[in-house]
Amino acid sequence: MIDACFLGPYAQNDTLLEKLVVEFLRDHVYWRRNFHPEDPLAIGTSAAYHPDYLAFEARMRRELHLLSAQLKKSVPFHSPRYIGHMASDLLLPGLAAQILTLPYNPNNVTEDTAPVTVELEVKVGLQLARMLGYVDDPARPDCAFGHLTSGGTVANYQALRLALAQKAFPVALRAAGVPELALPEDDHAAFNLHPQHATALLEQWQHWLAQAAPAERRQWQARVQAARIEQLGLVAFFAAHPALKVPKVLAPITAHYSWSKGCKLLGLGRNQLELLPERGMRIDVDALEATLERCQRERQPVLLAVAVLGTTEYGTVDPVDAVVDARQRFAERGLGFAVHVDAAWGGYLATLFRNEDGSLRARADVARGFRAFPSAGVHAAVAAIAQTDSVTVDPHKLGYLPYGSGAFICRDHRVMALLPEAADYVFHGDTAQDYMTRYRSLGQYIPEGSKSGAAVAAVYVTHQVLPLDHAHFGLLPAQTIRAAEAFDARARHFASEVAGVAQALVPFSPDSNLVCLALNPAGNRSVAAANAFVRRLHDELRIDPHQPVQNKQFFGSVTTLRPEALGEADTRRILDALGLDMATLDEDGAGKLLILRHTLMNPYLLDEDNGVSYIDLYFDHLASRVRTLLAAGN
Ligand SMILES: *Cc1c(COP(=O)(O)O)cnc(C)c1O
26 MIDACFLGPY AQNDTLLEKL VVEFLRDHVY WRRNFHPEDP LAIGTSAAYH PDYLAFEARM
86 RRELHLLSAQ LKKSVPFHSP RYIGHMASDL LLPGLAAQIL TLPYNPNNVT EDTAPVTVEL
146 EVKVGLQLAR MLGYVDDPAR PDCAFGHLTS GGTVANYQAL RLALAQKAFP VALRAAGVPE
206 LALPEDDHAA FNLHPQHATA LLEQWQHWLA QAAPAERRQW QARVQAARIE QLGLVAFFAA
266 HPALKVPKVL APITAHYSWS KGCKLLGLGR NQLELLPERG MRIDVDALEA TLERCQRERQ
326 PVLLAVAVLG TTEYGTVDPV DAVVDARQRF AERGLGFAVH VDAAWGGYLA TLFRNEDGSL
386 RARADVARGF RAFPSAGVHA AVAAIAQTDS VTVDPHKLGY LPYGSGAFIC RDHRVMALLP
446 EAADYVFHGD TAQDYMTRYR SLGQYIPEGS KSGAAVAAVY VTHQVLPLDH AHFGLLPAQT
506 IRAAEAFDAR ARHFASEVAG VAQALVPFSP DSNLVCLALN PAGNRSVAAA NAFVRRLHDE
566 LRIDPHQPVQ NKQFFGSVTT LRPEALGEAD TRRILDALGL DMATLDEDGA GKLLILRHTL
626 MNPYLLDEDN GVSYIDLYFD HLASRVRTLL AAGN
């Protein structure tokens with residue numbers, strides 16, 4: 026099946042793609058021709074012979090040729106020789122759907138400009154919700170809601186914005202003095218509800234409003250609106266509620282830098298982002314517990330706790346289950362907060378854990394065909410997503426789709442009523458809208474304005490062709506896990522091959538499909554010297570705009586190991602194994618060890634039909650480069 030999914034490393038499926046593109050381009054042409062064919066021809070049949078026309082065409086051709094020629098320097102993401110960043114070949118259904126949709130140019134800000142693709146976007150939200158274990162039946166009041174964004178960064182902004190709206194709304198209800206609601210006793214309690222209780226309160230308020238007389242309703246709406254954080258801004262809101270502190274965002278040290286950007290953008294300030302210590306590249310549960318204890322003691326509210334499912338640097342998976350569990354316990358003690366899963370990278374791994382009926386697969390079933398995947402921790406983390414409040418997933422990463430498509434999904438759509446510009450959080454007495462109708466005014470809810478309906482079509486069609494369960498889409502991430510396991514095993518073999526000249530080590534077992542490799546020239550004790558060596562290796566493994574890409578054998582990337590993310594014990598273990606002196610870690614002022622990082626998402630890394638493993642070829646190449654560089658250095 027995978028054979029038909031992509032254009033392929035050698036563009037083997039060129040005729041298939043060409044057939045699709047031509048067929049649907051013609052289809053688009055006929056659609057134009059059949060729209061009021063009685064209209065006069067705006068472009069006459071002799072226009073193409075006019076010198077100006079020809080000159081324009083020549084200029085256009087010239088520029089397109091120049092562009093096409095320049096693009097030959099692009100990164101060959103499609104090749105199994107590319108194991109650098111989080112990009113690979115593009116799924117044909119998505120690519121074809123996007124090309125097909127482009128000339129229609131739908132703008133997914135509203136159904137007025139995208140009557141078809143806005144509905145598809147809401148459906149994509151439901152497809153992803155199902156993959157994550159959220160309720161995906163719009164007939165249920167607690168159905169999830171999701172939408173696309175330009176990428177994971179903006180989806181993370183949306184998580185922050187929604188969590189803040191939800192956290193502050195009960196405070197506004199109290200400030201407005203809305204009668205007959207079961208409001209929390211003080212501001213502190215109102216600001217620290219469990220998100221589910223905040224949603225319940227929002228619902229109560231909407232019902233109460235619906236029963237009020239129209240004049241009274243408008244008056245109360247205005248009073249609550251005037252007390253909301255979105256109306257007042259952070260400064261006035263916190264000035265009006267001196268008992269409240271600005272809430273913190275808790276995220277692991279290895280969290281993506283979009284969380285820092287988001288805290289700045291929201292006006293919370295970078296100081297409000299508290300980075301949790303990690304152990305073995307995953308949230309340290311004890312440290313989380315201690316942080317929450319401290320927050321409770323200091324009456325320090327928490328806006329959001331972020332767990333990462335597939336860290337950008339290492340593909341590691343945070344214990345989502347432990348974060349959810351801690352939230353439950355602390356919410357009962359008056360420190361409620363939202364839990365967000367940043368699954369920008371790892372989101373589609375969840376397909377491996379889903380049966381076709383949407384139920385969760387047992388760990389033993391998922392494990393069939395793999396050496397070690399999934400660890401008990403990874404299985405528990407994926408299972409716990411259902412209890413989180415929102416998730417970020419990037420279709421343009423492990424969804425193998427073109428940029429830019431990220432996605433934001435929240436567990437219970439009712440909270441979205443807090444976001445619209447047109448104060449939709451108040452009940453629309455006259456138009457009791459159903460789910461699909463309400464979200465057709467997508468622009469009210471999303472951070473962006475105008476956005477590509479063609480990108481949405483790509484995601485929707487892909488999910489229809491490859492449903493998000495283990496038997497369909499799951500075949501793709503399964504291939505990446507097999508490749509990562511083969512890579513991990515081969516790396517250990519590589520370490521023994523080069524033992525005389527260098528120490529090599531997979532620093533920690535991968536949770537998913539990213540595998541790192543630490544290297545140190547034999548006899549060297551200095552971290553700075555080891556870093557310089559790895560940097561030289563990486564210089565050969567990265568794109569060089571001054572050289573044809575064909576000169577490169579392989580592409581890899583680098584990242585660093587930091588004691589804050591590894592923990593003291595693991596740092597010592599890794600440096601010892603490499604023969605490095607712990608005391609030199611801070612020598613170059615960096616305090617971190619540079620390592621090679623490999624993203625094993627290309628579906629053709631293990632070419633079993635031809636008996637070729639690009640993983641073997643890579644390690645042969647790496648061994649030869651290590652020897653050559655070290656020989657030259659001596
Ligand atoms: C890639 C990534 C992001 C950012 O997503 P973009 O699509 O690049 O904006 C956020 N979080 C994680 C974990 C990621 O891997």
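In this text, residue positions in the sequence shown follow our numbering: the first is 26, and each later residue adds one. Ideal Cβ positions, reconstructed from N, Cα and C, are used throughout, including at glycine. Note that the coordinates shown come from a computational prediction; the quantities given were computed from them, not determined experimentally.
Quick one: measure Cβ to Cβ for residue i and residue j, integer angstroms, because I've assumed they're closer than 8 Å.
i, j, result
"ASN132", "SER475", "5 Å"
"THR417", "GLY431", "7 Å"
"ALA648", "PHE519", "6 Å"
"LEU618", "ASN556", "7 Å"
"ILE434", "LEU157", "6 Å"
"GLY150", "GLY171", "3 Å"
"GLY478", "THR142", "3 Å"
"PRO277", "LEU301", "5 Å"
"ALA280", "VAL342", "ALA280 to VAL342, Cβ: 13 Å. No contact."
Quick check: what's the CA-CA separation for residue i versus residue j?
i, j, result
"GLY454", "ALA235", "A caution first: GLY454 carries a pLDDT of 44, below 50, which makes its placement in the model unreliable, though a value can still be read off. So the alpha carbons of these two residues sit roughly 6 Å apart."
"GLN578", "ARG386", "40 Å"
"GLY371", "LEU444", "27 Å"
"ILE254", "LEU293", "12 Å"
"ALA363", "ARG322", "19 Å"
"ARG650", "VAL147", "50 Å"
"ILE471", "GLY119", "22 Å"
"PHE452", "PRO220", "Note that PHE452 scores 44 on pLDDT, short of 50, meaning its location in the model is unreliable; the coordinates nonetheless yield the value given after this. Computed Cα separation, rounded: 20 Å."
"ASP641", "SER93", "33 Å"
"ALA169", "VAL327", "23 Å"
"HIS563", "SER521", "21 Å"
"PHE398", "ALA408", "15 Å"
"PHE395", "GLU510", "8 Å"
"THR584", "GLY340", "12 Å"
"LEU467", "ALA514", "47 Å"
"VAL531", "LEU539", "11 Å"
"ALA496", "GLN489", "13 Å"
"GLY287", "SER175", "15 Å"
"LEU661", "VAL54", "With the chain running from 26 to 659 in the structure shown, residue 661 is simply not present."
"TYR450", "GLN231", "Annotation note: pLDDT 49 at TYR450 (below 50); position unreliable, coordinate value reported separately. Using only the alpha carbons, I get a separation of about 8 Å."
"HIS404", "ARG388", "6 Å"
"PRO34", "GLU48", "24 Å"
"VAL440", "THR376", "26 Å"
"ALA190", "ARG354", "23 Å"
"VAL481", "LEU50", "18 Å"
"ALA223", "PHE194", "8 Å"
"LEU117", "GLU144", "22 Å"
"PHE81", "TYR460", "48 Å"
"SER400", "VAL574", "38 Å"
"VAL271", "ARG295", "12 Å"
"THR609", "SER113", "37 Å"
"GLY383", "HIS438", "19 Å"
"PRO427", "ASN627", "15 Å"
"ARG248", "GLN325", "27 Å"
When DSSP builds the beta bridges, which residues end up paired with residue i?
i, result
"LYS617", "Paired residue(s): none; LYS617 is not in a bridge."
"HIS172", "PHE433"
"SER7", "Given a span of 26 to 659 for the chain in the structure shown, any question on residue 7 remains unanswerable."
"ILE308", "GLU303"
"ASN545", "GLN528"
"PHE31", "LEU116"
"LEU14", "Residue numbering for the chain in the displayed model covers 26 to 659; residue 14 lies beyond these limits and cannot be assessed."
"SER638", "LEU631"
"THR624", "LEU539"
"ASN133", "ASN133 is not bridged to any residue."
"TYR107", "PHE580"
Ligand 3 and residue i: does any heavy atom of the ligand fall closer than 7 Å to the residue's C-beta?
i, result
"SER283", "Among the ligands modelled here, namely ligand 1, ligand 3 does not occur."
So that I know if they touch, is there some Cβ in chain D lying closer than 8 Å to that of residue i?
i, result
"SER113", "The structure shown has no chain D; it contains just one protein chain."
Any alpha helix (DSSP H) of 4 or more consecutive residues that is wholly inside the segment 326 to 410
The DSSP assignment places 345 to 357, 388 to 392, 401 to 409 as complete runs of the alpha helix (DSSP H) inside the segment 326 to 410, in order along the chain (cut-off: 4 residues).
Start-end ranges of the beta strand (DSSP E) lying completely within the segment 558 to 589, minimum 3 residues
Whole beta strand (DSSP E) segments, 3+ residues: 582 to 586.
To test your reading of the DSSP string, which unbroken alpha helix (DSSP H) runs of 4 or more residues are found completely within the segment 210 to 269?
List check, alpha helix (DSSP H) in window: 212 to 216, 220 to 236, 239 to 252, 254 to 265.
Alpha helix (DSSP H) segments (min. 4 residues) lying fully within the segment 472 to 501:
Entirely contained in the segment 472 to 501, the alpha helix (DSSP H) runs reaching 4 residues are, in chain order, 478 to 490.
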